[in-house]
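Beneath this line is the structure, given in structure tokens, with notes to follow.
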Amino acid sequence: MPDLAWMAWTWQTGLFFAGIASLLLVMTVLAVARPEAERVGVLRIPTTRGDRLFISLLGAAFIHLAWLGFFGPEQLWWAFGLSLVYAAAVFRFV
Amino acid sequence: MNKTLNHKAWFLVLPVFALVAFSAVVPLMTVVNYSVQDTFGNNQFFWNGVGWFAELLDPSRELGGRFFDALWRTLLFSAIILAIEIPLGIAVALAMPREGWTVALCLVLMALPLLIPWNVVGTIWQVFARGDIGLLGWVVNHLGIDYNYTGHSLDAWVTIIVMDVWHWTSLVALLCYAGLKSIPDAYYQAARIDGASRWAVFRTIQLPKMRRVLLIAVLLRFMDSFMIYTEPFVLTGGGPGNATTFLSIDLVKLALGQFDLGKAAAMSIVYNLIILAICWVFYTVMTNVDADRERVEA
Numbered sequence: 001m002p003d004l005a006w007m008a009w010t011w012q013t014g015l016f017f018a019g020i021a022s023l024l025l026v027m028t029v030l031a032v033a034r035p036e037a038e039r040v041g042v043l044r045i046p047t048t049r050g051d052r053l054f055i056s057l058l059g060a061a062f063i064h065l066a067w068l069g070f071f072g073p074e075q076l077w078w079a080f081g082l083s084l085v086y087a088a089a090v091f092r093f094v
Numbered sequence: 001m002n003k004t005l006n007h008k009a010w011f012l013v014l015p016v017f018a019l020v021a022f023s024a025v026v027p028l029m030t031v032v033n034y035s036v037q038d039t040f041g042n043n044q045f046f047w048n049g050v051g052w053f054a055e056l057l058d059p060s061r062e063l064g065g066r067f068f069d070a071l072w073r074t075l076l077f078s079a080i081i082l083a084i085e086i087p088l089g090i091a092v093a094l095a096m097p098r099e100g101w102t103v104a105l106c107l108v109l110m111a112l113p114l115l116i117p118w119n120v121v122g123t124i125w126q127v128f129a130r131g132d133i134g135l136l137g138w139v140v141n142h143l144g145i146d147y148n149y150t151g152h153s154l155d156a157w158v159t160i161i162v163m164d165v166w167h168w169t170s171l172v173a174l175l176c177y178a179g180l181k182s183i184p185d186a187y188y189q190a191a192r193i194d195g196a197s198r199w200a201v202f203r204t205i206q207l208p209k210m211r212r213v214l215l216i217a218v219l220l221r222f223m224d225s226f227m228i229y230t231e232p233f234v235l236t237g238g239g240p241g242n243a244t245t246f247l248s249i250d251l252v253k254l255a256l257g258q259f260d261l262g263k264a265a266a267m268s269i270v271y272n273l274i275i276l277a278i279c280w281v282f283y284t285v286m287t288n289v290d291a292d293r294e295r296v297e298a
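Taken in sequence, the protein lines are chains X and U.
Just so you know, the UniProt record's numbering puts the end of the first sequence at 94, numbered straight through with nothing missing.
Just so you know, the UniProt record's numbering puts the end of the second sequence at 298, numbered straight through with nothing missing.
Given below as structure tokens:
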């Protein structure tokens, strides 16, 4: 096992990256198993599933930052919930 | 009708992905790890949760105050740079010769500033603008204007902006020139037959044809000015006071000067997210401008 102390891993960040990695894995499997077509949604730009995932993740990051900025670090789970709703909306309508 | 996409070719990108993972993704993961912890060196880390982010986004705290100050400064700088360099670049491109031996001469002269490394540009202007031995500073002072870029904030800003305009306007001009050159002569002939004015030709032929290169120019100049570090660092070092401390300079001060890895990591992640969002908007607009045009032409 290489020494990874310099990367300062914690189980929380490990979980975070594992989540992102599994999302990417699911998307890859999905892209191979079920090839898709681009579609145009409310933003009037053609998007693929990958684009929608990117928009969801980037938006989720800003939702969390905005929550931190406006309400502070308490009840950050609300921001997480809001991000999930946002992501669902992006996958449905964008 | 929509065509089904086949994504299997993306597996060919795996080697590049491995390289990028090594040079960018793994370091970025480390930054994320740092951003939720505190360290006193010696590889000892203490969990801090979202503490640094909360402090960073609260303007009433020391960290948040300096972050937002630096952010507004950087945005203002980018806005000024775009407002000057884009129109000036278009004007220069319109004034450049279209044929004859002067074309090559003009292109080489325009490309010269682009070939000079950032730190050299900074050094050139640092000496050039000095009041005692620099030509610019000496002349301005002898015109009766009290100019001192190491002492007055406004002078420092003006110097950095003029330096950036000197360094990068030719990039915009060259891009616009390439756009202008691609306009077939028939367009101009048609405009002449219709008796179009110079302004009408610019507005209805040249500007629309330059749209794509202009978008690229705006994106490049925005990103470069938003991430500017070397030139102001060499010229003013972020001073006087904090007057020209842009985000990147503040970040380096925080990470390498104070060795506050946690705060610096949180700041770089937010900085990175802002850049990512802006890049995505530009990229989307750019690709869809083309798609729109193809649709119209089809």
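Ideal Cβ positions, reconstructed from N, Cα and C, are used throughout, including at glycine.
Quick caveat, the model's predicted, so the values are computed rather than measured.
Cβ pair residue i, residue j closer than 8 Å
i               : j               : result
A79 of chain X  : I63 of chain X  : yes
S225 of chain U : D164 of chain U : yes
W52 of chain U  : A266 of chain U : yes
L75 of chain U  : V218 of chain U : no
G179 of chain U : Y34 of chain U  : no
G69 of chain X  : Y86 of chain X  : no
I216 of chain U : Y229 of chain U : no
T13 of chain X  : V32 of chain U  : yes
G131 of chain U : N141 of chain U : yes
A173 of chain U : A93 of chain U  : yes
A8 of chain X   : Q37 of chain U  : yes
M210 of chain U : F17 of chain X  : no
T47 of chain X  : R34 of chain X  : no
Any chain U beta carbon closer than 8 Å to residue i
i              : result
Q12 of chain X : yes
A5 of chain X  : yes
A79 of chain X : no
A8 of chain X  : yes
V32 of chain X : yes
G69 of chain X : yes
A21 of chain X : no
L24 of chain X : no
L82 of chain X : no
is_contact[residue i, chain X] using C-beta, thresh 8 Å
i               : result
G131 of chain U : no
L51 of chain U  : The displayed chain sequence assigns Gly, not Leu, to residue 51 of chain U. Yes, G51 of chain U lies at the interface with chain X (some Cβ there is under 8 Å from its Cβ).
Q258 of chain U : no
V162 of chain U : no
V36 of chain U  : yes
K253 of chain U : no
A264 of chain U : no
Beta bridge counterpart(s) of residue i as assigned by DSSP
i              : result
F17 of chain X : Looking at the DSSP assignment, F17 of chain X forms no beta bridge with any residue, so it has no partner.
F45 of chain U : U:T39
V40 of chain X : X:P46
Distance between beta carbons of residue j and residue i, contact taken as under 8 Å
i               : j              : result
T169 of chain U : L88 of chain U : 5 Å
F246 of chain U : R73 of chain U : 6 Å
Where residue i meets chain U, residues with beta-carbon distance less than 7 Å
i              : result
I45 of chain X : T284, N288
G72 of chain X : A54
Partner residues on chain X for residue i, Cβ-Cβ distance less than 7 Å
i              : result
F45 of chain U : A8
N33 of chain U : M7, A8, W9, T10, T13
Partners in chain X for residue i, counting only beta-carbon separations shorter than 8 Å
i              : result
A29 of chain U : Note that residue 29 of chain U corresponds to Met in the displayed sequence, not to Ala. Simply M7, T13, F17.
Beta-carbon neighbours of residue i, restricted to chain U and to distances below 8 Å
i              : result
A61 of chain X : L273
L53 of chain X : None at all; the shortest Cβ gap to chain U is about 13 Å.
Cross-chain neighbours of residue i in chain X, by beta carbon under 9 Å
i               : result
W280 of chain U : F54, I55, L58
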